[in-house]
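Read the structure below first, then the notes.
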Amino acid sequence: MNPRLDYYSASPKAMKAMIAMEALTSNLSIEPPLLHLIKIRASQLNGCAFCTDMHSVDARRLGETDRRLYSIVVWRDSGFFNPRERAALAWTEAVTLLSESHVPDDVYALAREQFNEGELVDLTIAVTTINSWNRLAVSFRQTPSD
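Numbered according to our numbering, the sequence shown spans residues 28 to 173.
This is the structure in structure tokens:
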């Protein structure tokens, strides 16, 4: 697959805003290892090979195990994730698949058991941001480097 265009050079102002949003996301209340899990899961759902690869590499650098990384796609059937991570993954899926899920009440209730109001907003901003990155990377065919 060949890249369609370089969105950084095509619209520097827009990318400056995206980079600022990413920097903000990284400084909110959600712990970095969990941020990588949700970024990977959203990227898997969106079919974004670039972001799935990048955040898997970043997660490994933070000490994430290969076993857990391989199991993100089947997190519901895996015992590798704690209740907070499971709630975040469920929330990530519901927000990412918004038109299908409309973020059900049971997913909200599960998330509220693990996240206070501020954390849940921060988690939602993180999910929203990775979804925006995925849409750029998939639309313009950005692929992982070898």
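C-beta atoms are modelled at their ideal positions from N, C-alpha and C, and glycine is treated no differently.
Just so it is clear, the structure is predicted and the values come from calculations on it, not from any experiment.
- Per DSSP, the unbroken alpha helix (DSSP H) holding residue 71 starts and ends at 59-72.
- By a beta-carbon distance limit of 8 angstroms, residue 65 contacts residue 119. Their separation comes to about 4 angstroms.
- Using a 10 angstroms sphere on the CB of residue 153, the tally of other CB atoms reaches 16 or more, which defines it as buried.
- Just measuring C-alpha positions, the residue of 121, 164, 87 and 63 sitting nearest residue 33 is 164.
- Under the three-state reduction of DSSP output, residue 28 falls in the coil class, being neither helix nor strand.
- The straight-line gap separating the alpha-carbon atoms of residue 99 and residue 133 is approximately 20 angstroms.
- Secondary structure note for residue 77: its alpha helix (DSSP H) is the uninterrupted segment 76-88.
- For residue 141, the enclosing alpha helix (DSSP H) covers residues 132-141.
- For residue 38, no alpha helix (DSSP H) encloses it, and the DSSP letter there is neither H nor E.
- Annotation for residue 99: no alpha helix (DSSP H) segment contains it, and DSSP assigns it neither H nor E.
- Judged by DSSP in its simplified three-state form, residue 123 adopts helix.
- Annotated as distal: residue 115 and residue 77, with beta-carbon spacing of 9 angstroms or more.
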